[in-house]
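When we follow our numbering, the leftmost residue of the sequence shown carries the number 1, and every step to the right adds one. C-beta atoms are modelled at their ideal positions from N, C-alpha and C, and glycine is treated no differently. What follows is a single structure, written as structure tokens, with notes after it.
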Amino acid sequence: MTPTRDVRLLARESVRALPLYTPDGAACAIDLSDSTNLWGPPPAAIRALAAAPSTIVARYPTVRSSALEPALLRYLGLEGTPEMRVVTGCGSDDVIDSTMRAFVVPGARVAFSAPSFSMVPVFARLNGLEPVAIPLTPDFDVDAEHLVDLDAAITYLCAPNNPTSTGLSRAAVEYVASRANGIVVLDEAYAEFAPETFADLAGRHDRLLVIRTFSKAFGLAGLRVGYGVGTEGLVSMVERARGPYKVNALAECAALASLEDVTGGVQWVREHARLAVRNRDRLSAALVDLGLAALPSTANFLFVPTSRAPWLARRLRDDGILVRLFTDLPQELRCLSAAGGAALRIGVGPWEAMQALLDSLSEMPCE
Ligand SMILES: *Cc1c(COP(=O)(O)O)cnc(C)c1O
């Protein structure tokens, strides 16, 4: 006899308690909601995918993306640093998740800033860990001392920070990297747009894992390739927890081409990152004229705290423009308490899309 029991009750409680990840569903003609590369993928990646032999999908890929490792260390300027290793994953989300699995026992704490990347408390709970958030400081830096004082098993930093777009100071990152007792994860998903990166610190702190992705500046979000760089001991543990074959063969092939082909790869990525930064600053100034103040951005998106965010997002959607709406953000930052915890995150891309956004917003009545 089959017991009559709701199968859902057999799932782990931490899993049952989680909402399904459902970003704003309906497709829009102009999608500015996820900060991917709105110019598309680099030409070298498209060429590599088109030229890939069909046998590539009949065989397993390399176990740990071994071809990508030297190319990534070169890209990060870390090829001369002894002991540096790279772990890849099915998106950088996979690397964050695997790091928690590798290093933390159930019940331990994961420390991070609020607001920051929304997936961090989700991965923490999935791994049986307790997420503990510390508010950003009034100048949008991480509160390094309070984070370290939590004595967490993992401390997560995000530079530039999603969703606020703001940067972190080198002093704060170095403070956490050198004093935290546990593992420090530094998520640099938007490093290509930032005035400064901290990847160099990975070689100097053996508990620091710097995490990057091909999903943003490299325009390959659909292929799901992310990676972490750190010392041999750290990376080898994350790899054990990650398991084999996480990056598929076509994804590895496209990612490798985008690193190795100079003009159609890395150079293309850098040029379009510069263009995104130019358009971002131009858009930010134009939004001020419409009474919308974005925080100072170091990424390829703008973060606009405003109590009108839900209404603006709905009206934009009516015009075929999707932005990311936040409604329940923590309110310790003054700009967010003034907005009742509501904000818009707007991805930056080709100017025509930015102009369409501005045209739509300027039709709306002001506060
Ligand atoms: C987009 C994003 C990632 C994600 O990505 P993958 O697509 O899984 O590589 C990781 N961290 C932050 C802060 C992001 O914004």
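Beta bridge counterpart(s) of residue i as assigned by DSSP
i, result
"residue 318", "BP columns for residue 318 are empty, so no partner."
"residue 131", "110"
"residue 326", "343"
"residue 158", "187"
"residue 364", "In the DSSP output, where bridge partners are listed per residue, residue 364 has none listed."
"residue 136", "Looking at the DSSP assignment, residue 136 forms no beta bridge with any residue, so it has no partner."
"residue 228", "87, 211"
"residue 31", "322"
"residue 150", "Per DSSP, none; premise fails for residue 150."
"residue 304", "344"
Backbone CA spacing between residue i and residue j [nearest angstrom]
i, j, result
"residue 328", "residue 134", "16 Å"
"residue 310", "residue 233", "46 Å"
"residue 66", "residue 339", "47 Å"
"residue 118", "residue 40", "24 Å"
"residue 229", "residue 341", "34 Å"
"residue 322", "residue 88", "31 Å"
"residue 223", "residue 251", "5 Å"
"residue 85", "residue 235", "6 Å"
"residue 53", "residue 292", "50 Å"
"residue 306", "residue 313", "11 Å"
"residue 197", "residue 77", "11 Å"
"residue 110", "residue 155", "6 Å"
"residue 257", "residue 35", "22 Å"
"residue 317", "residue 353", "14 Å"
"residue 379", "residue 214", "The first residue shown for the chain is 1 and the last is 367, placing residue 379 beyond what the model contains."
"residue 45", "residue 225", "13 Å"
"residue 241", "residue 202", "20 Å"
"residue 219", "residue 5", "45 Å"
"residue 301", "residue 343", "13 Å"
"residue 71", "residue 253", "12 Å"
Local Cβ density within 10 Å of residue i, reported as buried at 16 or more and exposed below that
i, result
"residue 83", "exposed"
"residue 93", "buried"
"residue 100", "buried"
"residue 151", "exposed"
"residue 237", "buried"
"residue 160", "buried"
"residue 57", "exposed"
"residue 266", "buried"
"residue 364", "exposed"
"residue 8", "exposed"
"residue 171", "exposed"
"residue 107", "exposed"
"residue 324", "buried"
"residue 184", "buried"
"residue 362", "exposed"
"residue 138", "exposed"
Any non-hydrogen atom of ligand 1 within 7 Å of residue i CB
i, result
"residue 133", "no"
"residue 246", "no"
"residue 93", "yes"
"residue 35", "yes"
"residue 162", "yes"
"residue 112", "no"
"residue 199", "no"
"residue 217", "no"
"residue 226", "yes"
"residue 97", "no"
"residue 141", "no"
"residue 158", "yes"
"residue 213", "yes"
"residue 187", "yes"
"residue 221", "yes"
"residue 123", "no"
"residue 103", "no"
Chain C contact for residue i (CB, 8 Å cutoff)
i, result
"residue 303", "This model lacks chain C altogether; it includes just one protein chain."
Contact test: residue i Cβ vs ligand 3 heavy atom, cutoff 7 Å
i, result
"residue 117", "Ligand 3 is absent from the structure shown, which contains only ligand 1."
query = On the three-pair Cβ rule with 8 Å, is the region 269-288 touching the region 118-133?
reply = no
request  = Taking 8 Å as the threshold, find out whether the region 343-358 comes into contact with the region 171-180 through three or more Cβ pairs.
outcome  = no
message = I'd like to know if the region 47-65 and the region 239-254 are in contact, where contact means that at least 3 CB-CB pairs between them fall below 8 Å.
response = yes
task = Report yes or no: do three or more beta-carbon pairs, one from the region 289-303 and one from the region 162-169, lie closer than 8 Å?
result = yes
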